[in-house]
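Positions 1 to 72 (UniProt numbering) are the ones given, in order, by the sequence shown.
Glycine is no exception: its CB is placed at the ideal position from the N, C-alpha and C atoms.
In this text, all values refer to a predicted model and were calculated from it rather than measured experimentally.
Here the structure is laid out as structure tokens; the discussion comes afterwards.
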Amino acid sequence: MIESASLTVTGMKCGGCENNVTTKLMSIGGVKSAIASSKDKEVNVEFEPDKTDLTAIAKAIVEAGYTVVGDI
């Protein structure tokens, strides 16, 4: 089963930031796709909930240097 989520992320300013977030998320086991948009301040991610969760995904975004807005 695949779940999808949309997270509000601040701090992304350009395509390089988008690539940084996408690369970091795709390195997590269970993440199937990740699309970051600096324009929309959003990251859309599809993942397998039996392999990872939103907490791990949000942690990876923060480790990449960005801020996840809202509750996870």
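message: According to DSSP, simplified to helix, strand and coil, what is I35?
response: To locate residue 35, count along the sequence shown from 1; it is residue 35. DSSP places I35 within a strand segment (E or B) once states are collapsed to three.
- request: Using alpha carbons as the reference points, say which of E48, G16, K51 and I2 lies closest to Y66.
  value: Working through the sequence shown from its first residue, we reach residue 66 at position 66. Nearest option by C-alpha distance: G16.
message: Per DSSP, what are the beta-bridge partners of T67 in this structure?
response: To locate residue 67, count along the sequence shown from 1; it is residue 67. Answer by DSSP bridge pairing, in chain order: T10.
message: Going by beta-carbon coordinates alone, are V31 and V45 separated by less than 8 angstroms?
response: Locating residue 31 in the sequence shown gives position 31, where the first residue counts as 1. Locating residue 45 in the sequence shown gives position 45, where the first residue counts as 1. It is a contact, given that the beta carbons lie within the stated cut-off.
field: Any non-hydrogen atom of the ligand GDP within 7 angstroms of K59 CB
entry: Here there are no bound small molecules, and the ligand GDP is not part of this structure.
field: Sequence-distant residues of the same chain with beta carbon closer than 8 angstroms to E3, five excluded per side
entry: Here residue 3 corresponds to residue number 3 of the sequence shown, with the count starting at 1. Counting only residues of its own chain and dropping the five nearest sequence neighbours on each side, E3 has a CB closer than 8 angstroms to the CB of E46, F47, E48 and P49.
- prompt: Hey, quick one: how far does the alpha helix (DSSP H) through E18 stretch, first residue to last?
  reply: The residue labelled residue 18 in the question sits at position 18 within the sequence shown. Here the alpha helix (DSSP H) through E18 covers G15 to M26.
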